[in-house]
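Student:
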Amino acid sequence: MLDIKFIRENTDLVKTALLNRNAEANVDELLEIDLQRRTSIQEAEGLKTERNVSSKNIGALMGQKKFTEAEAAKEAVRKIGERISVLNEQIRELDERIRDIVLCIPNMPVATVPIGKDETDNPVLREWGELKTFDFEPKPHWDICEKLKLVDFERGAKITGSGFPVYTGQGAKLQRALISCMLDLHTADHGYTEIEPPFVCNADSMTGTGQLPKFAEDMYHIPGDELYPVPTAEVPLTNLYREEIIDVKNPIKLTAYTPCFRREAGAAGSTNRGLLRLHQFDKVEMVNFVEPEQSAEQHEILIGEAENVLQLLGLHYRVIELCTADIGFSAAKCYDIELWAPGVERWLEVSSVSNFGDYQARRARIRCRDENGKPQFVHTLNGSGVALPRLVVAIIENNQNADGSVTIPQILRPYMGGLEKLA
RNA sequence: GGAGAGAUGGCAGAGUGGUCGAAUGCGUCGGUCUUGAAAACCGAAGAGCCGCAAGGUUCCGGGGGUUCGAAUCCCUCUCUCUCCGCCA
49 MLDIKFIREN TDLVKTALLN RNAEANVDEL LEIDLQRRTS IQEAEGLKTE RNVSSKNIGA
109 LMGQKKFTEA EAAKEAVRKI GERISVLNEQ IRELDERIRD IVLCIPNMPV ATVPIGKDET
169 DNPVLREWGE LKTFDFEPKP HWDICEKLKL VDFERGAKIT GSGFPVYTGQ GAKLQRALIS
229 CMLDLHTADH GYTEIEPPFV CNADSMTGTG QLPKFAEDMY HIPGDELYPV PTAEVPLTNL
289 YREEIIDVKN PIKLTAYTPC FRREAGAAGS TNRGLLRLHQ FDKVEMVNFV EPEQSAEQHE
349 ILIGEAENVL QLLGLHYRVI ELCTADIGFS AAKCYDIELW APGVERWLEV SSVSNFGDYQ
409 ARRARIRCRD ENGKPQFVHT LNGSGVALPR LVVAIIENNQ NADGSVTIPQ ILRPYMGGLE
469 KLA
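Here the first sequence stands for residues 49 to 471, numbered as in our numbering.
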């Protein structure tokens, strides 16, 4: 959430940012309501001062047993009280209207984020590894998954619905191996603390990280209990410190595996076949809490940690920076990592690494102390480290052999009981 | 799910309807003392909002009520603890 004071004092900047994002918000109405609010507060507080003084007076009069005078004073204060009630009600309403608008205003992209009209304007920053060449026609992963019985899409659709794959046998084990491997890497080499959070969160948490209220349609919802299956571990991890003042002298770095649940309404179709786009998928996530001055630097470290996963798996990838039109709602700056999948002949997004600045921290009221001991909002960052299904697609399609088997990357073999090939 | 108890500052823990933003202890920070440290002693320190500022205002789990005035009285919700039931 943006600071209302910032919006008030930098209205043109905010409007430009909205324009660059192709987003809309009623900033003028917001400022009008904000002004009304402050005016009402000033009147109410003036009256409260009067009331406080008068009430003390009444106490004194009562003490001196001047009951007649006390009664007259009581009557006067009662009238003030009535006006205060009216104003309080006004302020409450205005607060709510302000909140409704502000919660739906996206973050300001940092100044260096490239301005663009859509995802075709995302610059490629770097590429790692080499394009794999084959002396046969590489197959798409769904063929391989079917032949090797790694995933049962039909039965997943039967027991739940499309987009809910059933991993079977070596396919299931590969999921577990990847999760363990990535968590081990982040905890052992990147300084993370492993967390196993709840897989459903309440509405306050969803609001804290920015999923609610604007993106309610994207999430599953359990109505009786007002809970939401997590769309990403970012939600429980970031909200761990909601409404707290924490010490981030050393960055707090948390990692967690969770399944992720997304409705992905309207996403069905041939371009999303197989494991490319799912309603439920596994992901290892990294979340950082840092002092404001550190977040830009930490963002570069974080993207490196995500890249490291792919380097160790020996996968060809590229890093792109999202332009203003493509950057996420809560993000100030965002890198995506894409893996090349030779079977489907596409770059697949497997990680999104974002710096949120104080946007989430202000929503979730996550603070730290500055050098003077005063509370200030922390900066939050997160990155996928990484999402499983498309990673599995890339591993399977890049490592497939002419005989139909799939060579398992060296680093995963200890996690696969020493197995060298899926066959 | 049933019964009971509770929720106060970083933590522990007092609190009479007005003098309570709140005793006290611990912890934290600064100082004195010391070669240095410990101990002792002295001192400092909550958060939000409004305001250029001075200052004002609100906050004792959340919401509502009574009252001129509520941490204190009433209602309600949430959460925690204890016991019972159920259960991986």
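The C-beta atom is built at its ideal place from N, Cα and C for all residues, glycine as well.
Determine the contact status of S318 and V283, defining contact as a CB-CB distance below 8 Å.
Tutor: Not in contact: S318 and V283 (Cβ atoms no closer than 8 Å).
Student: Taking all protein chains shown into account, decide if Y140 is buried (16 or more other Cβ within 10 angstroms of its Cβ) or exposed.
Tutor: The sequence shown places Arg at residue 140, not Tyr. The residue in question, R140, is exposed, as its Cβ has fewer than 16 Cβ neighbours within 10 Å.
Student: In this structure, does DSSP put F425 in helix, strand or coil?
Tutor: strand
Student: Measure from the alpha carbon of L470 to the alpha carbon of each residue in V367, L222 and G107, then state which is nearest.
Tutor: L222
Student: Taking buried to mean at least 16 other C-beta atoms within 10 Å of its own C-beta, is S336 buried or exposed?
Tutor: Looking at the sequence shown, residue 336 is not Ser but Asn. It is buried - the Cβ of N336 has at least 16 other Cβ atoms within 10 Å.
Student: Quick check on L302: does DSSP put it in helix, strand or coil?
Tutor: Under the three-state reduction of DSSP, L302 is assigned to strand.
Student: Note down, one range per segment and in chain order, each alpha helix (DSSP H) of at least 4 residues found wholly within the stretch 267-301.
Tutor: 282-287
Student: For the alpha helix (DSSP H) holding M254, just list the boundary residues, first then last.
Tutor: A251 to T257
Student: Evaluate I192 with the Cβ neighbour count: other Cβ atoms within 10 Å of its Cβ, from every protein chain shown; 16 or more gives buried, anything less gives exposed.
Tutor: With 16 or more other CB atoms across the displayed protein chains lying within 10 angstroms of its CB, I192 is buried.
Student: Taking Cβ positions, are S402 and A379 nearer each other than 8 Å?
Tutor: By the CB criterion at 8 Å, S402 and A379 fall inside the cutoff.
Student: Would you mind stating whether N68 and P171 have Cβ atoms separated by less than 8 Å?
Tutor: no
Student: Judging by CA-CA distance, which residue of M334, T372, G219 and R203 is the nearest neighbour of I444?
Tutor: G219
Student: Of the residues A412, E397 and N420, which one's Cα is nearest the Cα of V426?
Tutor: Relative to the Cα of V426, the nearest Cα in the group A412, E397 and N420 belongs to A412.
Student: Suppose contacts are defined by Cβ-Cβ distances below 8 Å. Is P186 in contact with P390 by that definition?
Tutor: yes
Student: Give a single yes or no on whether A205 has its beta carbon closer than 7 Å to a heavy atom of the ligand MN.
Tutor: This structure lacks the ligand MN, and indeed carries no ligand of any kind.
Student: Could you pull the start and end residues of the alpha helix (DSSP H) that C229 belongs to?
Tutor: Q218 to D237
Student: Threshold first: 4 residues or longer. Then list the alpha helix (DSSP H) segments lying entirely within the stretch 100-176, N to C.
Tutor: 115-150
Student: Would you mind stating whether I52 and V75 have Cβ atoms separated by less than 8 Å?
Tutor: no
Student: Can you check whether the CB of D406 is closer than 8 Å to the CB of P340?
Tutor: yes
Student: With DSSP collapsed to three states, give me the class of C416.
Tutor: Strand, per DSSP.
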